[in-house]
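Visitor: In case it helps, the working numbering puts the sequence shown at residues 90 to 209.
Just so you know, even glycine gets a beta-carbon here, dropped at the ideal spot from N, CA and C.
Given the structure is predicted, the values throughout are model-derived calculations rather than measurements.
I'd like to ask some things about the structure below.
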Amino acid sequence: MGIIKVENIRVFAYHGCLKEETKIGSDYRVDLEVKADLQTSAKTDKLSHTVDYVFLNKIIKEEMEIPSHLLETVAKRILNRIFNEDKLVKKATVWVSKLNPPIGGDVEKVTIKMTDKRKK
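And the structure:
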């Protein structure tokens, strides 16, 4: 088993429960960690035998484009797509962070962390 991390993906998106959040948008940071068997790809040196992090980044960007009230919803969509579209991934954790959230204080970010594993 091995781990692939895609970290500090910066995205501008329109998530939130307040009307202003969905109109003006916010900056977000997404981090992803996937676990998969990387032994075959380590031997063959073939991209088709591993989890393509370009593909993972694409999923994150596409799902972040869909406005949602809750970051939990976005995180779950990202995880669902990863498991549906890449059969090598056994377990994944995603962190979705809203930077400078409008919560009435000096807060750097609010983060939702969600983990899921492949159903057998």
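May I ask you to report which of helix, strand or coil DSSP gives residue 182?
Guide: Reading the sequence shown from its first residue, position 93 is the one you call residue 182. Three-state DSSP puts residue 182 in a strand.
Visitor: Just list the beta strand (DSSP E) runs in the region 124-168, keeping only unbroken ones of 3 residues or longer that don't cross its boundaries, in chain order.
Guide: none
Visitor: In the DSSP assignment, the beta strand (DSSP E) including residue 109 goes from what residue to what residue?
Guide: Within the sequence shown, residue 109 is the residue found at index 20, counting from 1. Run containing residue 109: none in the beta strand (DSSP E); it sits in the alpha helix (DSSP H), 108-113.
Visitor: Where do the N-terminal and C-terminal ends of the beta strand (DSSP E) with residue 91 fall, by residue?
Guide: Looking up residue 91 in the sequence shown gives position 2. From DSSP, the beta strand (DSSP E) with residue 91 extends over 91-102.
Visitor: Quick test of the definition: if touching needs 3 or more C-beta pairs under 8 Å, does the region 185-200 touch the region 122-139?
Guide: no
Visitor: What distance in whole Å lies between the Cβ atoms of residue 190 and residue 107, which are believed to be in contact at a cut-off of 8 Å?
Guide: Your numbering for residue 107 matches position 18 in the sequence shown. Your numbering for residue 190 matches position 101 in the sequence shown. Actually they are not in contact, since the Cβ atoms of residue 107 and residue 190 sit about 10 Å apart, beyond 8 Å.
Visitor: Using a Cβ-Cβ cut-off of 7 Å (strictly less than) and excluding sequence neighbours within five positions of residue 167, which residues of its own chain qualify?
Guide: Position 78 of the sequence shown, counting from 1, holds the residue named residue 167. Apart from sequence neighbours up to five positions away, the residues of its chain that approach residue 167 with a beta-carbon distance below 7 Å are 148, 149, 152, 183, ordered along the chain.
Visitor: Considering Cα atoms alone, identify which of 97, 91, 145 is closest to residue 125.
Guide: The residue labelled residue 125 in the question sits at position 36 within the sequence shown. The shortest Cα separation from residue 125 among 97, 91, 145 belongs to 91.
Visitor: So, residue 139 versus residue 127, is the Cβ gap smaller than 8 Å?
Guide: Against the sequence shown, residue 139 aligns to sequence position 50. Against the sequence shown, residue 127 aligns to sequence position 38. Against a cut-off of 8 Å, the Cβ pair of residue 127 and residue 139 comes out as a contact.
Visitor: Considering only C-alpha positions, which residue in the set 174, 97, 154 is nearest to residue 104?
Guide: Translated into positions along the sequence shown, residue 104 becomes position 15. Answer by Cα proximity: 154.
Visitor: Among 198, 177, 172, which one has its Cα closest to the Cα of residue 204?
Guide: For the purposes of this step, residue 204 is identified with residue 115 of the sequence shown, where counting begins at 1. Residue 172 is the option with its Cα nearest to residue 204.
Visitor: Leaving out five residues on either side along the sequence, give the residues of the same chain with a beta carbon under 7 Å from the beta carbon of residue 142.
Guide: Counted from its first residue, the sequence shown places residue 142 at position 53. Closer than 7 Å at the Cβ level, and outside the excluded window around residue 142, lie 93, 95.
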